[in-house]
Amino acid sequence: MLKVLASRCSSQASFGAHLRQYVPAAEPVSPLLRVLRGQNRRSPYVVRRFFCSDSTDGSDPVDPAGSEAKQVEAGEESKASSAIVPTAIKPEDCLTVIALPLPHRPLFPGFYMPIYVKDPKLLAALVESRKRQAPYTGAFLLKEEEGTEGSDAEKNIYDLKGKDLLNRLHEVGTLAQITSIQGDQVVLIGHRRLRITEMVSEDPLTVKVDHLKEKPYDKDDDILKATSFEVISTLRDVLKTSPLWRDHAQTYTQHIGDFTYPRVADFGAAISGANKLQCQQVLEELDVHKRLKLTLELVKKEMEISKIQESIAKAIEEKISGEQRRYLLNEQLKAIKKAYVWSRNKLINDNILCRNWGWKLMIKLLFLNARNSFHDRILLEDQLLFSFVAKFRERLDPKKEKIPAHVLQVIEEELTKLQLLEASSSEFNVTRNYLDWLTALPWGEYSDENFDVIQAHKILDEDHYGLTDVKERILEFIAVGKLRGTSQGKIVCLSGPPGVGKTSIGRSIARALNRKFYRFSVGGLSDVAEIKGHRRTYIGAMPGKMVQCLKSVGTANPLVLIDEIDKLGRGHAGDPASAMLELLDPEQNANFLDHYLDVPIDLSKVLFVCTANVIEMIPNPLLDRMEVISIAGYITDEKMHIARDYLEKTTRESCGIKPEQVEVTDSALLALIENYCREAGVRNLQKQIEKIYRKIALQLVRQGAYIKPTVDEAKAESSSVSNETVVEGVEAESLHGSIDKKESENALEAEIVDSPSDQLPTSNDQSATSEDTLEAEKTQDSEAAKKVEKVLVDSSNLVDFVGKPVFHAERIYDQTPVGVVMGLAWTSMGGSTLYIETTQIEQGEGKGALNVTGQLGDVMKESAQIAHTVARAIMLEKDPQSQYFANTKLHLHVPAGATPKDGPSAGCTMITSLISLAMNKPVKKDLAMTGEVTLTRKILPIGGVKEKTIAARRSDVKTIIFPEANRRDFDELAPNVKEGLEVHFVDDYSQIFELAFDENK
């Protein structure tokens, strides 16, 4: 339909004049016509669809006999056809017509249709027919053929002749009057329906036709009326959407007459946008009711299409107009904001607005934007800005004098910038977040530090046993601060094996100094932005960890614990270890620059405490900036104190066990430490103690020792826990004792309250009964207490609680045989003894060699080669005739074979083992040694003196040989570690030889 409409609009005006020549002066108007034509009164447009022609003059000759022919027509048919161009031949007399194919849509009676005729013979025949005053032809719709579309289908029409063309035409068509011919364009107007009966001639195709009439129908039929009125009602809704269609109704009545039921059906089908097959179906239908139903379906679909079209047009129009309106409003809003900045600042300074308006105002702003209320939007945006700026001003006012001048200048610039931005812009949120961070930092705010050395020492001893070096260093820091009147930040690194309390001591230090505590781990950290922050240009940008720390703690002098600093990663985002240089450098962190804030921050008052397991993993430039304090681990005595005073007490309380219900002997703890928990730390020891108390709790519950606390007891216990921050051991025991005394009474009261009312005793017997019951309950409690035995954990039954021992005695020999010497080694577990075993494989001329086994590293293999050379030289000095090492193949082994070993400290032990085998003489009993040896027999210092000393004590070693350079390290050890040991310090191997093989020494 739209294609036909587009092809006809070019000649609308000229053909409209041609049509107006035949409009009667007065035409009958039916009620149906009034309904349809009433829609046209509101339309200023005069556009005629389906009534267009390319005729430029509109002055085709009209036969004078046409008026006579019109007078002959009788009754209603004459009135209905009053607009048809009069001819000499009546339409009903046309029984043979030229078949004119229609490619796009069928022609309905009363409608005009221009078509293009490309066949010269067909066009000539039409012109000749019009000259003979018989301007009628048959318009038949062309059937669709598979595989042809558009212009290809039109080309195929002109190639068809005769029967081929007849087979492609629908049988039912329309008798059409030729109103004008302009070039190859022919304008037709439909009269009545036709049916092809037979072919008369082939070129041009001429056929015989029968005139079709509608089947008889009852005009008063209710169903017919209802259907027609529904069609008219739908047409009325359709005609409302377009003035073009309203003109169709008026023009149609002017040329075909008043509306009847068949004409209403034809009109609805003709103006609809249905495809040609659906329109052809309406044309072929002669039953008026069925034709109305088919038309009703078509106009209903047309109505839905019109609604969709209207909604699409409305949406596009709203989008275009909304964007234009929004642009104009934004420009006006900017101008108004600039004009009233001074008034806004005045209102802010007067503290008129409250910062809590922010969220409520933002919600109102969203609703007002939806209503497009420009005035209210401006007011609410101003109030929203007022609330944000007022909030930032409120933060700044108390500490404005403490904020550095350069930072205050940046804040003022950002506040001015915020006031000129729109609340809906992305820059507004970036600036607001930036100001939020800047104003939330504790500029110049410091916590009151504790300079009382005695109190700080007491706090440190409450939380940790041992760790003398760490505690002494913190007390020194406090003493310096007391003398100066102020304290400076320091960078301390605590290094040691896992579980020795490096992380937990940080919290105790903060409590002793009365500083805020903040911890973050850098293990596996590979992004520099985590330390230095992101640039504000990135989406989701955040400051670094230090800025987040200052905002969290609210002071500028916290204690920051940087955990696992030896496990820093390195990725595509940079090297965090290099970024830490500025943070941990006392000369630089006074002006630490975060990428997000982009203003210097003073971190010189911050006390940094770092933790590491292996300091060799820390980059040297970073390690140089830190003061390293080594925590070697705990010896057996220290572990005993920690287990008894800290771990056992905490575990017992967490398991809900009372002290009188369990007893763990010292022998059990000692066995637990030596056979299960030999590592340097106490983390595994805590796990084993927890395991013991869990089994004890299960055993007590099975024996029936558990008494459910009453409501009053639970409330009293919870209130006492919440009110008291630190509870000493004596207070805890007294509290448990008081609760135990009240358990039986509260249980009795609960039973009396819960008992049914009908079972209560009378008032006279009530007191006696309660006393009897109380005595019975006390008797039962005492009997239950006697039945529940106290759980005793001793070394004999320790296996029942923690399983089989994990470690066994390290000492293999009571007296080391020939070729075997005990050495000392440092391990991640703290330290252990290490045997060097040497044996002879074979002897022969020139067969001197040395094989080494035991998963030795490269350094230790080199030590073995050096030991073999030095031992050979020593034996030649003792006996120049000796060729033992030159002619003997030796095998040196270091158990255990599954444990990797490396390091230079076993050099002196290997030499002693080789000389013992060569001399066939064992070393002194209970002797252990350690030290690196050079080819010139000098003894070099080693590490891990404390761990090796502890390992020697654990193996009942009485004599230890250390390098002379390690004398200072040994002197720093606690007296209980050095007690009972005979230690010799040497700087040449000759001294070791005398100590190992000279019985007098």
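Taken in order, the sequence shown gives residues 0 to 1000; the numbers are from numbering that gives the first Met the number 0.
Glycine included, every Cβ here is placed at the ideal spot set by N, Cα and C.
Bear in mind the structure is a predicted one, so any value in this text is a computation, not a measurement.
- Task: With a threshold of 16 other CB atoms inside 10 Å of the CB of THR935, please say whether the residue is buried or exposed.
- Result: exposed
- Message: Here's a check: name, in chain order, each residue in its chain whose Cβ is nearer than 7 Å to the Cβ of ALA478, leaving out the five neighbours to either side.
- Response: VAL452
- Query: Which residues in the same chain as LEU466 place their Cβ atom closer than 7 Å to its Cβ, once the five residues preceding and following it in sequence are excluded?
  - Reply: GLY500, ILE504, ILE630
- Under a Cβ-count criterion, where at least 16 other Cβ atoms within 10 Å of its own Cβ denotes burial, should ASP265 be classed as buried or exposed? buried
- Message: Could you give the first and the last residue of the continuous alpha helix (DSSP H) run that contains GLN839?
- Response: Note, GLN839: premise wrong, no alpha helix (DSSP H); beta strand (DSSP E) at 831 to 842.
- Message: So, at 8 Å on beta carbons, what are the nonlocal neighbours of SER989 in its own chain, with the 5 sequence-adjacent residues on each side left out?
- Response: ARG936
- The beta strand (DSSP E) with ASN850 in it runs from where to where? 848 to 852
- Where does ASP970 sit, in a helix, a strand or coil, going by DSSP? helix
- Task: Could you tell me whether the region 86 to 97 touches the region 199 to 207, using the rule of 3 or more Cβ pairs below 8 Å?
- Result: yes
- Task: Would you mind working out which of VAL116, LEU797, LEU602, LEU889 sits nearest LYS846, comparing C-alpha positions?
- Result: LEU889
- Query: Can you tell me the Cα-Cα spacing of ARG354 and GLU393, whole angstroms?
  - Reply: Because ARG354 sits at a pLDDT of 41, beneath the cut-off of 50, its placement in the model cannot be relied upon, and the following sentence gives the value as read from the coordinates. The alpha-carbon atoms of ARG354 and GLU393 are separated by roughly 9 Å.
- What separation, rounded to the nearest whole angstrom, lies between the Cα atoms of PHE984 and ILE938? 10 Å
- Cα-Cα separation, THR908 to TYR692: 44 Å
- Between the C-alpha atoms of GLY853 and ALA897, what's the straight-line distance to the nearest angstrom? 7 Å
- Item | Residue burial classification, LEU419 (beta-carbon count within 10 angstroms, cutoff 16) | exposed
- Message: Do LEU791 and GLU662 count as a contact pair if the criterion is CB distance below 7 Å?
- Response: yes
- Item | Cβ contact (3+ pairs, closer than 8 Å) linking the region 479 to 499 and the region 643 to 650 | no
- Could you check the C-alpha separation between ALA82 and ARG324 for me, to the nearest Å? With a pLDDT of only 41 at ALA82, under the threshold of 50, the placement of this residue in the model should not be trusted; the figure read from the coordinates follows. Taking the straight line from one Cα to the other gives about 51 Å.
- Along the beta strand (DSSP E) that carries HIS594, what are the first and last residues, could you check? Element bounds for HIS594: n/a, residue is neither H nor E.
- Item | CB of VAL298 within 7 Å of CB of LEU234, strictly | yes
- So does the region 602 to 612 actually touch the region 542 to 560, counting three or more Cβ pairs closer than 8 Å? yes
- Task: Give a yes or no on contact between the region 874 to 884 and the region 919 to 935, applying the rule of three or more CB pairs nearer than 8 Å.
- Result: no
- Query: Would you call the CB atoms of PRO497 and GLY632 closer than 7 Å?
  - Reply: no
- Message: Tell me the rounded alpha-carbon separation between ALA438 and VAL491.
- Response: Note on identity: in this sequence residue 438 is Thr, with Ala being the wrong assignment. THR438 and VAL491: Cα-Cα distance of roughly 30 Å.
- Query: Taking the C-alpha atoms as reference points, what is the distance between VAL546 and GLU836?
  - Reply: 58 Å
- Where does LEU482 land, buried or exposed, given buried means 16+ other C-beta within 10 angstroms? exposed
- Message: Going by beta-carbon coordinates alone, are ARG104 and LYS275 separated by less than 7 Å?
- Response: yes
- Query: When the Cα atoms are used, what is the spatial distance from PRO708 to GLY655?
  - Reply: Bear in mind that a pLDDT of 48 at PRO708, under 50, signals an unreliable position, so the number given afterwards is only what the model happens to contain. Rounded to the nearest angstrom, the two C-alpha atoms are 12 Å apart.
- Neighbour-count burial assignment, ILE538, 16 or more Cβ in a 10 Å radius: exposed
- Query: Is the beta carbon of THR929 less than 7 Å from the beta carbon of ILE941?
  - Reply: yes
- Query: Could you give the distance in angstroms between the alpha-carbon of PHE373 and the alpha-carbon of LEU328?
  - Reply: Caution is warranted here: a pLDDT of 48 is assigned to PHE373, below 50, making its placement in the model unreliable, and no coordinate value can be reported.
- Item | Proximity winner among THR868, LEU164, GLU563, relative to PRO102 (alpha-carbon distances) | LEU164
- Candidates LYS803, VAL893, GLU841: closest to GLY822 by CA position: VAL893
- Task: Answer yes if the region 570 to 587 comes into contact with the region 468 to 477, meaning at least three C-beta pairs across the two stretches below 8 Å, and no otherwise.
- Result: no
- Is ASP997 buried or exposed, if buried means 16 or more other CB atoms sit within 10 Å of its CB? exposed
- Task: Kindly give me the distance between the Cβ atoms of PRO575 and SER525, rounded to whole angstroms, as I take these residues to be in contact under 8 Å.
- Result: 7 Å
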